[in-house]
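S.K.:
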Amino acid sequence: MATSLLATDGYKFSMAEAGWPLRQETFYYTHRKGGLQVMPLDVAAFVRSFLPEPKPEDYDFLSRNDYEMGVGFKAAIQRKERLVVHAIPRGALFYAKEPVLSLTGSSALVSWVEPLLIQLNFRIQVATQALMDREVLARELAVVTCEEQRRIALETLDAVGVKGVPIRVDAEGYYQRVLAQVRELVDVVEDPSRIFEVGLRAATCLEQHELALRACKDAGVMRTSNVEGARKLGLIPVGTMGHEHVQRYGADEAAFRAIRERRPQRSSYLLDTYDTLISGLPAAFRLIREDQSAKDSIRFDSGNKKLQYLYAVTQARDLGIHPVLIIEDGLDAQATREFEELRRQVGWEPSEQFYGFGGHIVSRTMGSAFSRDRVAAIFKLSQTGPQPTMKFGNELAEGKQSIPGMPVLFRRRHGSGPVGLIGQEGEPVPEGYFLLTDSAPEAPSLVASEAASAKDARVGCTPATQALIDGLRRRYFPQAR
Numbered sequence: 005m006a007t008s009l010l011a012t013d014g015y016k017f018s019m020a021e022a023g024w025p026l027r028q029e030t031f032y033y034t035h036r037k038g039g040l041q042v043m044p045l046d047v048a049a050f051v052r053s054f055l056p057e058p059k060p061e062d063y064d065f066l067s068r069n070d071y072e073m074g075v076g077f078k079a080a081i082q083r084k085e086r087l088v089v090h091a092i093p094r095g096a097l098f099y100a101k102e103p104v105l106s107l108t109g110s111s112a113l114v115s116w117v118e119p120l121l122i123q124l125n126f127r128i129q130v131a132t133q134a135l136m137d138r139e140v141l142a143r144e145l146a147v148v149t150c151e152e153q154r155r156i157a158l159e160t161l162d163a164v165g166v167k168g169v170p171i172r173v174d175a176e177g178y179y180q181r182v183l184a185q186v187r188e189l190v191d192v193v194e195d196p197s198r199i200f201e202v203g204l205r206a207a208t209c210l211e212q213h214e215l216a217l218r219a220c221k222d223a224g225v226m227r228t229s230n231v232e233g234a235r236k237l238g239l240i241p242v243g244t245m246g247h248e249h250v251q252r253y254g255a256d257e258a259a260f261r262a263i264r265e266r267r268p269q270r271s272s273y274l275l276d277t278y279d280t281l282i283s284g285l286p287a288a289f290r291l292i293r294e295d296q297s298a299k300d301s302i303r304f305d306s307g308n309k310k311l312q313y314l315y316a317v318t319q320a321r322d323l324g325i326h327p328v329l330i331i332e333d334g335l336d337a338q339a340t341r342e343f344e345e346l347r348r349q350v351g352w353e354p355s356e357q358f359y360g361f362g363g364h365i366v367s368r369t370m371g372s373a374f375s376r377d378r379v380a381a382i383f384k385l386s387q388t389g390p391q392p393t394m395k396f397g398n399e400l401a402e403g404k405q406s407i408p409g410m411p412v413l414f415r416r417r418h419g420s421g422p423v424g425l426i427g428q429e430g431e432p433v434p435e436g437y438f439l440l441t442d443s444a445p446e447a448p449s450l451v452a453s454e455a456a457s458a459k460d461a462r463v464g465c466t467p468a469t470q471a472l473i474d475g476l477r478r479r480y481f482p483q484a485r
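Residue numbering for the sequence shown follows my numbering, beginning at 5 and increasing consecutively.
Okay, here's the thing in structure tokens:
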């Protein structure tokens, strides 16, 4: 069955309208942690199986909800035949931080796939655990959230040649856990309109996320990033900007202006693509000072958010501005209580502080360890047009940098050096290595000796990749050199 055009996050549509939807771009997928893991499927076939089939009613819904899409987006989303997929083969093993796959194609299309592609992490975790310890697998899959999650798990076990385990679906139990979680959050903030849900990428499948959204709605939370979920359940789709948008423009202020000057709706400025305090916040405050009537917001998304929050409030008062504050990333009830206490201490109005919750609502209630957070699955823009790009995300403090360029993976065959080398498409194969990306499939296996060696595995960069990283570091952090 064709995938709805709306089965993605709302900010994908706003970024396409404020960017270059027909530009050729490359995104890549990896796990930041999790040790040795196995790819259970043909990645190219998997990606092509869920590409969207737009319908006129999809565009009508978007238009009614502040996402009017132009001719560039509509053309880009149809260019599925131009999509190029490079990936490690079925059965291949990979380590944390290695590029598992890359997609190159029209910007709007390769961006659109992110939420559904990140759900691949569940299949990978099931396959890896199945080949390592069937007893642990059976425990983690004993109860799942929905029929679709059960189908995916059994399909994955079959793909790696492991006998299926008993799996019981408890949709009502999952719904009740989500409902209790959301009600607790509503109690903390005292108004459900101050909460929005952003957990599509934390779900294992669309059916699970729809269950979570039903619970959110019953708890009074009416805003979600899942546009298709919003249409089905009568919710409000939300979302303005992700890191890829800032990376396209190569500077916070240029990216923020594009969002503000190409869309008539309120803007939300994401601060941490390069550095929250050094570049993101000053750029956002310059724009907010120019037009305070717009009621634009700033979004804290990584790093020491409490420190950033207090600094931002102080700076805003010095400048005579009063932005709306949005807090996301890793929030739970206790963290929300702490931010509410900060809000009261600094005298910010409840109507000017909002919270976005993803994994806390969707995956921590799942009852299984196979969550996105467990492996830190990401899908990041690495090249826009001819320009390599990276997300730093306060990188000098956190080490969350992404890979630039058009990454491929070399695997060591013999000799010394890192087990994996992150190279660039077209780069000569280093001595002692072979190109794992796009190589022939193999029978999935994960023996104990391989799992043990994962602790000692090292992943490095080829000179070509390192040169791209160094060049971008010098550009964005000249003071560090």
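Ideal placement from N, C-alpha and C gives every residue a C-beta, glycine not left out.
Since this is a predicted model, take the numbers as computed values, not measurements.
#1: For residue 308, which three-state DSSP category applies?
#2: When DSSP labels each residue in this structure, what does residue 426 get in the three-state scheme?
#3: What is the residue span of the alpha helix (DSSP H) that residue 63 lies within?
#4: In whole angstroms, what separates the C-alpha of residue 367 from that of residue 149?
#5: Any idea which residues DSSP pairs residue 358 with across the strands?
#6: Roughly how far, in whole angstroms, is the beta-carbon of residue 41 from the beta-carbon of residue 126, given that I think they are within contact range, below 8 Å?
#7: Quick check on this structure: which residue in 131, 138 and 26 has the alpha carbon closest to the alpha carbon of residue 4?
#8: Exposed or buried, residue 213, counting other C-beta atoms within 10 Å across all chains shown (16 or more means buried)?
#9: What are the partner residues of residue 381, as DSSP defines its beta bridges?
#10: Distance check for residue 302 and residue 136, CA to CA, integer angstroms please.
#11: Assuming residue 238 contacts residue 362 (C-beta within less than 8 Å), just tell me the rounded distance between them.
#12: Shortest alpha-carbon distance to residue 314 belongs to which of 291, 335, 365 and 348?
#13: Output needed for residue 325: all residues of its chain with C-beta closer than 8 Å, excluding positions within five of it in sequence on either side, in chain order.
#14: With a threshold of 7 Å on Cβ separation, who are the neighbours of residue 8 within its own chain once the five nearest residues in sequence on each side are excluded?
#15: Which of the three DSSP states is assigned to residue 42 in this structure?
#16: Under 8 Å between C-beta atoms, does residue 209 make it to chain E?
#17: Cβ atoms of residue 18 and residue 244: under 8 Å apart, would you say?
#18: So, helix, strand or coil for residue 557, using DSSP?
#19: Taking the C-alpha atoms as reference points, what is the distance between residue 501 and residue 208?
#20: Compute the distance between the beta-carbons of residue 107 and residue 114, then report whether it is under 8 Å.
#21: What does DSSP give as the partner residues of residue 108 in its beta bridges?
#22: With DSSP as the reference, please indicate the residues paired to residue 465 in a beta bridge.
#23: Is the region 166-180 touching the region 193-201 in the sense that three or more CB pairs, one from each, lie closer than 8 Å?
#24: Going by the CB atoms, is the gap between residue 466 and residue 426 shorter than 8 Å?
#25: Taking the straight line between their C-alpha atoms, what separation do you get for residue 453 and residue 133?
#26: Using the C-alpha atoms, what's the distance from residue 384 back to residue 31?
#27: Have a look at residue 455 and residue 462 and give me their C-alpha separation to the nearest angstrom.
#28: Please return the same chain residues whose Cβ sits closer than 6 Å to the Cβ of residue 152, not counting the five positions on each side in sequence.
#29: Please look up how many angstroms separate the CB atoms of residue 408 and residue 464, rounded, as I've assumed it's under 8 Å.
#30: How would you label residue 240, buried or exposed, when you count the other beta carbons within 10 angstroms and need 16 or more for buried?
#31: In whole angstroms, what separates the C-alpha of residue 39 from that of residue 100?
#32: Considering only the alpha carbon of each residue, which of 338, 419 and 449 lies closest to residue 436?
#33: Could you tell me the alpha carbon to alpha carbon distance between residue 257 and residue 146, rounded to whole angstroms?
#34: Comparing alpha-carbon positions, which option in 410, 312 and 278 lies nearest residue 477?
#35: Looking at residue 298 and residue 252, is the spacing between their C-beta atoms short of 8 Å?
#36: Does the region 158-166 come into contact with the region 219-233, if we say contact requires no fewer than three beta-carbon pairs (one atom in each stretch) closer than 8 Å?
M.R.: Here's the rundown:
#1: coil
#2: strand
#3: 60-68
#4: Take the alpha-carbon of residue 367 and the one of residue 149: they are about 10 Å apart.
#5: 330
#6: Not a contact, Cβ separation roughly 12 Å.
#7: No answer is possible for residue 4: it lies beyond the span of the chain, which begins at 5 and ends at 485.
#8: buried
#9: 35
#10: So the two alpha carbons sit approximately 44 Å from each other.
#11: So it is not a contact: roughly 21 Å between Cβ atoms.
#12: 348
#13: Excluding positions up to five away in sequence, the list reads 289, 292, 293 and 296.
#14: 56, 62 and 232
#15: strand
#16: In the displayed structure, chain E is absent; only one protein chain is listed.
#17: yes
#18: With the chain covering 5 to 485 only, the question about residue 557 has no answer from this structure.
#19: The question about residue 501 has no answer, for the chain in this structure spans 5 to 485.
#20: yes
#21: 30 and 88
#22: 426
#23: no
#24: yes
#25: Only weak support exists for where residue 453 lies, its pLDDT of 46 falling under 50; the value from the coordinates is given anyway. Those two C-alpha atoms are separated by around 15 Å.
#26: In this structure, the alpha-carbon of residue 31 lies about 5 Å from that of residue 384.
#27: Unreliable positioning characterises residue 455 in this predicted model, as indicated by a pLDDT of 46, which lies under 50. The coordinate reading is nonetheless provided below. Answer to the nearest angstrom: the Cα atoms are 14 Å apart.
#28: Short of 6 Å from the beta carbon of residue 152, and not among the five residues preceding or following it, lie these beta carbons of its own chain, in chain order: 209 and 211.
#29: The Cβ separation is near 15 Å, so there is no contact.
#30: exposed
#31: 6 Å
#32: 419
#33: 49 Å
#34: For the residues 410, 312 and 278, the minimum Cα distance to residue 477 belongs to 278.
#35: no
#36: no
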